[in-house]
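Notes for the one structure printed next.
Numbering (the working numbering), first residue to last: 6 to 184.
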C-alpha cells in the first residue's frame, strides 16, 4: 500500500515541520511565509535568502519505500533569480548570519551575477529534476523520509522585478520513487 507524503518546511529550534505545499516564501526569516525581503543588489553581485529546509514527510503510512528524491522548478524563474539546493542529512536552525557555517545563509557577494557559491557544494535548481537523496527509506512510520533538501534563493543585480512580496517565484517540485 502506498504512503501519503507531503512536502514540508522545517523551521525553528525543534525543528517544527509545516506543510509547504500551500506556498513557501523565500525571504530573510525562519518561517514559511515571512515578509523580510531579500535585498536586490545595486551593483554586480548576489544576495541570498535564509536557508529553507524542505523534506518529504510521510503523513499516512504505507508498506513501501521511498528513494530517488529529486528537486526542480516547475517553470524557469525570472531573470536574476536562481534557486540553490544542497543535500543535507541534518537540520540546523537559521542563525541569521551570513557565511558558510551550519545554519548560516550564503554570504552576499560581488561575484558575477548568478554565480553559484562553491562552499558548501551548492547546485542550481533547474527545470530538470535533479536527485538530492537516493537512500531507500521505509514508509512504515509517520516521519521525515530521507534527507532534507536545503534551499535558498539568490537575487542578482540582473533582477529587474520589484522588491518584496510582489515577486512570484516559480513552484518547486519535489519528486520521488515509491516501490
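Every residue gets a Cβ at the ideal spot worked out from N, C-alpha and C, and that includes glycine.
The model shown is predicted, which means the values in this text are computed figures rather than measured ones.
- Around the beta carbon of residue 165, fewer than 16 other beta carbons lie within 10 angstroms, which makes this residue exposed.
- Beta-bridge partners assigned by DSSP to residue 180: 75.
- In this structure, the straight-line span from the alpha carbon of residue 39 to that of residue 182 is close to 32 Å.
- According to the DSSP assignment, residue 162 belongs to no beta strand (DSSP E), since it is labelled neither H nor E.
- DSSP places residue 91 in the uninterrupted beta strand (DSSP E) bounded by 86–93.
- CA-to-CA, the gap between residue 157 and residue 105 works out to about 13 Å.
- DSSP places residue 62 in the uninterrupted beta strand (DSSP E) bounded by 57–65.
- A residue is called buried when at least 16 other Cβ atoms come within 10 angstroms of its Cβ; residue 13 meets this threshold and is buried.
- Between residue 159 and residue 59, the C-beta spacing is not below 9 Å.
- Non-local beta-carbon contacts of residue 130 in its own chain, meaning distances under 8 Å to residues more than five positions away in sequence, involve 76, 77, 78, 87, 88, 89, 90, 156 and 177 in chain order.
- By the C-beta density criterion, residue 111 is buried, having at least 16 other C-beta atoms within 10 angstroms.
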